[in-house]
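Chemist: Protein chains in written order, with the numbering used here: chain F, 17 to 278; chain H, 5 to 264.
Beta carbons: idealized from backbone N, C-alpha and C, even for Gly.
1. Does DSSP put residue 85 of chain H in a helix, a strand or coil?
2. State the beta-bridge partners of residue 272 of chain H as determined by DSSP.
3. Looking at the structure shown, is residue 225 of chain H part of a helix, part of a strand, or coil, going by DSSP?
4. Which residue wins for smallest C-alpha separation from residue 257 of chain H, given the options H/108, H/99 and H/170?
5. Only counting the same chain, and skipping five residues up and downstream in sequence, which positions put a Cβ closer than 6 Å to that of residue 174 of chain H?
6. Is the distance from the Cβ of residue 73 of chain H to the Cβ of residue 67 of chain H below 8 Å?
7. Measuring straight from C-alpha to C-alpha, what distance separates residue 34 of chain F and residue 27 of chain F?
8. Taking DSSP as the reference, what is the three-state secondary structure of residue 22 of chain F?
9. Does the structure place the region 92-100 of chain H close enough to the region 111-131 of chain H that three or more beta carbon pairs sit under 8 Å?
10. With C-beta atoms as the reference, is residue 61 of chain H less than 8 Å away from residue 87 of chain H?
11. Anything in the region 151-182 of chain F with a Cβ closer than 8 Å to a Cβ of chain H? List those residues in chain order, please.
12. Using the beta-carbon of each residue, which ones in chain F are nearer than 7 Å to residue 199 of chain H?
13. Which whole-angstrom value is the C-beta distance of residue 131 of chain H and residue 177 of chain H, which I expect to be below 8 Å?
14. For residue 40 of chain F, collect the residues of the same chain with a Cβ closer than 7 Å to its Cβ; drop the 5 residues on either side in sequence, then sort them by chain order.
15. Is any heavy atom of the ligand SAM found at a distance shorter than 7 Å from the C-beta of residue 199 of chain H?
16. Our contact map puts residue 176 of chain F next to residue 261 of chain F with C-beta atoms below 8 Å; I'd like the distance itself, whole angstroms only.
17. Please determine if the region 48-62 of chain F and the region 165-174 of chain F are in contact, where contact requires at least 3 C-beta pairs separated by less than 8 Å.
18. For chain H, check one thing: does any of its Cβ atoms lie closer than 8 Å to the Cβ of residue 134 of chain F?
19. Among F/79, F/87 and F/157, which residue has its Cα nearest to the Cα of residue 106 of chain F?
20. Among F/186, F/63, F/214 and F/169, which residue has its Cα nearest to the Cα of residue 250 of chain F?
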């Protein structure tokens, strides 16, 4: 049975309050063991509506669970999706305040901006490549609001895939100037290599994540509008960060992105 | 270790290679064995192969990633010799029955246009002396039983080198950022690892400079035309007959290897 509107709203309020007060909460699926994916996305939608009601513009989407290892850990076969709000975007060079976060982790992201709408079902890599206006490198700071690290797919979706902060920068390029599959990425923390990857770590090709996002939206009667910003998913493993850390992600042909945590 | 012991162990490893019968770790039998002893044993084993008709075609650099250095408790890479009998071309299947416990590593190979003789070799010297870089696989193998190796064991065993396959594509290193060139490794059609050049000493170029400087101190130069395997950018992948591996390097191209 789907969650009723009241319960959905209550859980969204609880999750957002945890985020805004940087306070951990217990898993929202506790006591709702039969929660479905649709229920979880309904909670995420309610979370988004709360932010938009406070005039926080939704500025993009993010993809999560894009590696086979993570999917296996969660017992699922596909990725999941979240949204990005304007206040999550931090300018490169600005300080990210860790006291507003709970247990932040950094991961490198290959991001895209579209120039044409994408509408699923049936959206494929070719359509995505044709619709990419530019590719831009980024670093995402994720921050799970849960106090245990239990693998819980519904909880992850409801918590907006741990979205917290993101920084973009580097040297944007047209998609046809890049091979997104073999694009190398190095993430360094305080000058030491923390993670290494290539674009194929994202579902085999970052454009596949965008196609699956368009198909996910299509199944819900929505499209990925022209001008959409999409973080295709953590191409590197997430590494724990805290105040005083400095993260640099370097991307083949895309320059680098710097993040300072205070 | 005296000369006769060096020759004994070098000959033993050479026999192990020919018969495909691995031996007990040297470090277990000779607890006092030094790294210098181990390189002397390697040279003896190589001497035996040269006497049997092979030629030196280059060098390999091993233990280039922080993870493997930590595992073996060392703070720098090691090296081995590449011989004419080790080379496979792309498309030629590698017969696992001729190896003991093969594992594949995806790497970038350097082909030198000029000699490089350390000390004092920098990354800039390496780039200037390099004719081209190529994607490649090194199939490592251990003549030490069950890969129970310490640093001295693998060094004595020619840095665990088995065979190598070179791809059919090449580029000048001036056209690439080798530190950031991504690498995607697929086994039987599934992506099993993604990485990039920075996994090797910050850049494969640094690994080659390290080798030139290390050999320079021993009075040995890297020669024009030599192939230098710069170190693995992937985890070690155990392989069995029927496996095929595909490696793509961003901006460089791809290569494949098939095992029978």
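Modeler: On the basis of the coordinates in this document:
1. strand
2. In the structure displayed, chain H extends from 5 to 264; residue 272 of chain H sits before or after that span and is not available.
3. Under the three-state reduction of DSSP, residue 225 of chain H is assigned to coil, being neither helix nor strand.
4. H/170
5. Same-chain partners within the cutoff: 136 and 138.
6. For residue 73 of chain H and residue 67 of chain H, yes; Cβs fall inside 8 Å.
7. 11 Å
8. helix
9. no
10. yes
11. none
12. 212, 213 and 214
13. 5 Å
14. Hits under 7 Å: 34, 118, 161, 162 and 163.
15. This structure lacks the ligand SAM, and indeed carries no ligand of any kind.
16. That pair is no contact at about 23 Å.
17. yes
18. No, its Cβ sits nowhere closer than 8 Å to a Cβ of chain H.
19. Among F/79, F/87 and F/157, the Cα nearest to that of residue 106 of chain F belongs to F/157.
20. It is F/214 whose Cα lies nearest to the Cα of residue 250 of chain F.
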